[in-house]
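The opening residue of the sequence shown carries number 1 in the UniProt record's numbering; numbering runs sequentially from there.
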Amino acid sequence: MDSEPRGAAARQAAYEQTPAGQQRGMWGIYFGHPGARDRGGFTSTAPEHRPTLLARVVDEPTWRQLYRGACLGCDWEGETRSRNADAIEDAHDHAWPGWRDLPGVKVPKSNYERWLSEVKRAYPPGWLEAGGPIVTIRSDSRFSRHLPGKAPGGGYDLAAAYYQAKRTRDIHPQTTLDLDLEIPS
1 MDSEPRGAAA RQAAYEQTPA GQQRGMWGIY FGHPGARDRG GFTSTAPEHR
51 PTLLARVVDE PTWRQLYRGA CLGCDWEGET RSRNADAIED AHDHAWPGWR
101 DLPGVKVPKS NYERWLSEVK RAYPPGWLEA GGPIVTIRSD SRFSRHLPGK
151 APGGGYDLAA AYYQAKRTRD IHPQTTLDLD LEIPS
């Protein structure tokens, strides 16, 4: 739709003001992502840029969804993607340059506070507190979806590229942060 506004916040406002039967084909913030009606305010204190995900349904030639990374802090939008993970990564390239260089971490089954302390030492100062993403290694590739609001501090929990390298474009896996969390006897 050529008459749609540009930028995540403007597109979402236009989407919400359009009668339900006429929204098909419009870009809007994807359900569950920052800025969507169901999430309320976004907790990020990032100074300017806050990533989110736009989506739209197209019917031609067949029904499918398309995605774009977008920013809640400015009018930036990424290119149209067929996979939401690629669009979310585009948004993070815009909002959090350097996230691809973060070490991937495995979420512990216990001793969370110690783990979080180690992660904060390995990540840039204030990164998580400002709503920055965390990169997690997940043992089961079925759980490789990027999760909004699940990082400590409210940012995205981005699935490490290790298990997605065969499915995505030009990915260079993150380094791994090996945390020895065994409690001495």
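The C-beta atom is built at its ideal place from N, Cα and C for all residues, glycine as well.
*Does DSSP put V105 in a helix, a strand or coil?*
Numbered from 1 along the sequence shown, position 105 holds the residue referred to as residue 105. V105 falls in the strand class under three-state DSSP.
*Between H33 and the rest of its own chain, which residues show a CB-CB distance below 6 Å, the 5 nearest in sequence each way excluded?*
Residue 33 sits at position 33 when you count from the first residue of the sequence shown. Listed in chain order, the non-local C-beta contacts of H33 below 6 Å within the same chain comprise T52, L53, P148, local neighbours out to five positions each way being set aside.
*Can you check whether the CB of G153 is closer than 9 Å to the CB of E118?*
Within the sequence shown, numbered from 1, the residue matching residue 118 stands at position 118. Within the sequence shown, numbered from 1, the residue matching residue 153 stands at position 153. Contact: no.
*asked:* Restricting to Cα atoms, I'd like to know which of V105, F31, Y123 is closest to A161.
replied: Residue 161 sits at position 161 when you count from the first residue of the sequence shown. With distances taken between Cα atoms, A161 lies closest to V105.
*Drop a sphere of 10 angstroms on the beta-carbon of Y112, count the other beta-carbons inside from all chains shown, and report buried for 16 or more, exposed for fewer.*
Here residue 112 refers to the residue found at position 112 when the sequence shown is read from its first residue. A residue is called buried when at least 16 other Cβ atoms come within 10 angstroms of its Cβ; Y112 does not meet this threshold and is exposed.
_Between which two residues does the beta strand (DSSP E) holding A70 run?_
Here residue 70 corresponds to residue number 70 of the sequence shown, with the count starting at 1. A70 -> beta strand (DSSP E) spans 64 to 71.
_Please give me, in chain order, every unbroken run of the alpha helix (DSSP H) with length at least 4 that falls completely inside the stretch 75 to 127._
Here the runs fully enclosed are 84 to 95, 112 to 122.
*Report, in whole angstroms, the separation of the C-beta atoms of R64 and W27, which I expect to be a contact under 8 Å.*
Residue mapping note: residue 64 aligns to position 64 of the sequence shown, counting from 1. Residue mapping note: residue 27 aligns to position 27 of the sequence shown, counting from 1. Here R64 is actually not in contact with W27; their C-beta atoms are around 14 Å apart, not less than 8 Å.
*Curious, which full-length alpha helix (DSSP H) runs of at least 4 residues does the UniProt region "Disordered" (1 to 20) contain?*
The UniProt region "Disordered" (1 to 20) contains these whole alpha helix (DSSP H) runs: 8 to 17.
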